[in-house]
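Before any comments, here is the structure.
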Amino acid sequence: MPCVADWLNNPFSIVQGIFAQNVPNSDWEKKVTDYFKEKLKENNATNWVPSLNDVPVHYLKPNSLVKFRCMVQDMFDPEFYMGVYETVDPNTNARVLHFGKYRDVAECGPQQEIDLNSSQTVTSERQTFYCVPVPGESAWVKEISFFTGLVLSRVSPSTSYTPSRHKRSYEEDEDMDLHPSKQKEQHIGNSSGGDIHGCVEPKRLETEASAGHHLISPNCSPPLDLNFPLPGEKGPACLVKVYESWDSFKVNDVLEVYGILSVDPVLSIVNNEESCAVPFLTDSSALDPMECMDTAEEQRVHSPPASLVPRIHVILAQKLQHINPLLPACLNEEESKTCEYLNLTSLFVSNFMSELSPVRAELLGFLTHALLGDSLAAEYLILHLISTVYARRDVLPLGKFAVNLSGCPRNSIFTEHIYRIIQQLVPASYRLQMTIENMNHSRFIPHKDYTANRLVSGVLQLASNTSLVVDETQLEQGQLDTTGVHNVTALGNLITWQKVDYDFNYHQMEFPCNINVLITSEGRSLLPSDCQVHLQPQIIPPNMEEYMNSLLTAVLPSVLNKFRIYLSLLRLLDYSISDEVTKAVEEDFVEMRKNDPESITADDLHRTLLVARFLSLSAGQTTLSRERWLRAKQLEALRKARLQQQKCVNGNEL
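Once you know that position 386 of the sequence shown is 386 in UniProt numbering, the rest is easy, because the numbers rise by one and skip nothing.
Here's what the structure looks like:
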């Protein structure tokens, strides 16, 4: 039986064994998938697999099993490849069958040639996704994921591996590709390298794994744009090649993929004349050499150097409900049926729900301090953070709860620190500073580049459940140009309809999304929102930065983790309203309209029902009770009274 080191460090040996035993039957592919699926079901086995999110690619053994937590940024055209091919020795006429699945380059011995006319050749199809790390992923998600793998890899020494070369940056990788002689110098003394999981600090790993938005490609003079949606993002981009059920994945999906890492240096010469001598498995080479007719820009983008953009040949892939490493991967009922740890998952949820009340109280206190003593604003912030689009009725997204926190100090570090606190609580977030400069010069809307045949990313290409904090306190007088107007319109559409219209030049394509938007502003926001809460500070710290820093320092890591579990878990709970409560709410609304027909509208009912929904969920209740309905009405009355009071003070500003 193969040991752990075999299927982790040399998965090709497993595939070859299954292929050899089952060829020419076509079910060998299913047996490969089933084999790795069973291996990964073993206790903590998924944590033994090194992750491209945590470990620099030059530390990973080529052709080993890796995993990658990512978002689908773009999908390329399907490609045909030789799933099975035959080689022949011209001298002896000996023939050997090989599998091409999970490979970029054909495996040929020194005296072997591919027989393109062999009757044994099987042409197959695979889909390539261009994947990037989840945009705006919080540092704590990366750290917890890294340390989980670190601890378990120490328990399982058979998963250790020694880097084949010294650690170095992607820029140094480029230098090595250009000057191969330097590789020998780098290997001198390499024997001192040990187990990566046992001796390398996570900060160093993260730094070395970092890649800027633009990298210099060894085969192209212009810099290689890794196409990250958000500015300043770091991490690897990967070409993820999927062999089964790729129709179930789409742009902006968050995936965790397990597959074979391909970083063959020969992939870096795909755009050179030398590539004619390389036996590639795709249709652009061995199957049909005349297919090399793409534009140079398309070749550069679709076949970047593997040292900069590695390939992952997927054996298993799954969509992620969430990216919170503190929660079990499967939480909803449908996916739990296929989850190995269904009982453990149920136990985890029930145990946490039993202590929900004190966690909510602590979180409310924490956010009240962060919002300068304003407990009402803290209540609404909790409701906002657990809100999610749970359904769509025609074009209307149900469950969105965009909040405008007005009354924020202008040009103050207050909003920056509020964002820092949100970063510590949610798995993915981004702070959009709404300045005239950003509006006029940033790329918000993804658009199709037909020359390079790729989707060029934009700031609003975000994964589901991302928290977007729009800081309007930075806005000053100025003129929006055409780009600025389009960007503000796109932001408004995202808030109102939870969709972004991607620009395909000749038409627009609608991409639905599920983004939590919090707008911080001095007066009422220029952008639409579902709920405006005016901040009423009860304390004014003499030193805002010191106050906010001490707040984060004082909270224990274990308490922070409870807050993180609380906010992620409640977003995933089902919710319903009984017929009896529905009837009572309708009757109550009729009475409210009788008493105040001028100010009570259908929008008020919709908003109060939303507040009641999230108020119930925040208390761990999955149905609406009369008590929660009355509490929701009370909160709404307090919020409206505050707005009215502020309106009287400032005239018609609000």
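C-beta: ideal position from N, C-alpha, C; glycine also.
For residue 667, the residue or residues it bridges with in DSSP: Nothing in the structure corresponds to residue 667, since the chain is present only between 1 and 654.
Helix, strand or coil: which one does DSSP assign to ARG360? helix
Give me, in chain order, the residues of the same chain whose beta-carbon lies closer than 8 Å to that of LYS319; leave out the 5 immediate sequence neighbours on both sides. SER248, PHE249, ASP253, VAL254 and LEU255
To which residues of the same chain is THR415 closer than 7 Å at the C-beta, ignoring the five residues directly before and after it? CYS408, ASP471, THR473 and THR520
Does MET434 come out as helix, strand or coil in the three-state DSSP assignment? coil
When DSSP labels each residue in this structure, what does ASP225 get in the three-state scheme? strand
Look at the Cβ atom of LEU480, then the Cβ atom of MET439, and state whether they are nearer than 9 Å. yes
Would LEU398 pass as a contact of LEU535 if the rule is Cβ separation under 9 Å? no
Is it right to say ASP394 is buried, meaning 16 or more other beta carbons lie within 10 angstroms of its own, or is it exposed? exposed
Which class does THR121 belong to by DSSP, given the choice of helix, strand or coil? coil
My guess is that LYS400 and ASP530 are in contact by the Cβ rule of under 8 Å, so how many angstroms apart are they, rounded? 6 Å
Of all the options GLN424, TYR35, ASN453 and ASN487, which has the alpha carbon lying nearest to the alpha carbon of LEU432? ASN487
Of all the CB atoms in chain D, is at least one closer than 9 Å to the CB of VAL359? Among the chains of the structure shown, chain D does not appear; only one protein chain is present.
Taking just the CA atoms, how far does VAL533 sit from LEU643? 8 Å
Range of the contiguous alpha helix (DSSP H) that encloses ILE422: 414-425
Buried or exposed: where does HIS384 fall if 16 or more other Cβ atoms within 10 Å of its Cβ makes it buried? buried
Within 10 Å of its beta-carbon, does MET509 have 16 or more other beta-carbons around it, so buried, or fewer, so exposed? exposed
Compare the Cα-Cα distances from ARG524 to each of GLN646, ASN47 and SER124 and report the closest residue. GLN646
TYR102 burial status per 10 Å Cβ neighbour count (16 or more: buried): buried
Since ALA391 is in the beta strand (DSSP E), which residue starts that stretch and which ends it? 391-393
Can you look up GLU522 in the DSSP assignment and give me helix, strand or coil? coil
Could you give the residue range of the beta strand (DSSP E) that holds ALA508? For clarity, residue 508 is Gln in the given sequence; the question names Ala instead. Per DSSP, GLN508 belongs to the beta strand (DSSP E) from 508-512.
So the candidates are ILE14, LYS594, TYR419 and PRO78; which of them puts its Cα closest to the Cα of GLU125? PRO78
Could you please give me the residues that DSSP links to ARG126 through a beta bridge? GLU79
Can you list the alpha helix (DSSP H) stretches of 4 or more residues lying completely in the region 20-45, in chain order? 28-41
Reducing DSSP to helix, strand and coil, say where GLN532 ends up. strand
Member of LEU462, PRO24, GLN498 and GLY365 whose CA lies at the smallest distance from the CA of VAL559: GLY365
Alpha carbon to alpha carbon, how far is HIS58 from SER307? 8 Å
Nearest residue (CA-CA) to GLN111, options ASN93, GLY478, PHE99 and SER119: ASN93
Quick one: is PHE504 buried, meaning 16 or more other Cβ sit within 10 Å of its Cβ, or exposed? exposed
Please classify PHE19 as buried or exposed, where buried requires at least 16 other C-beta atoms within 10 Å of its C-beta. buried
How would you call HIS507, buried or exposed, if buried means at least 16 neighbouring beta carbons within 10 angstroms? exposed
Taking all protein chains shown into account, do 16 or more other C-beta atoms lie within 10 angstroms of the C-beta of HIS98, making it buried, or fewer, making it exposed? buried
Environment of TYR450 [buried if 16+ CB atoms lie within 10 Å]: exposed
Just how far apart, CA to CA, sit ILE577 and LEU624? 5 Å
Suppose the cutoff is 7 Å on Cβ atoms and the five residues either side in sequence are ignored; what does the same chain contact list for LYS388 look like? The sequence given here has Thr at residue 388, not Lys. Correct list, in chain order: GLY399, ASN465, ASN514 and ARG571.
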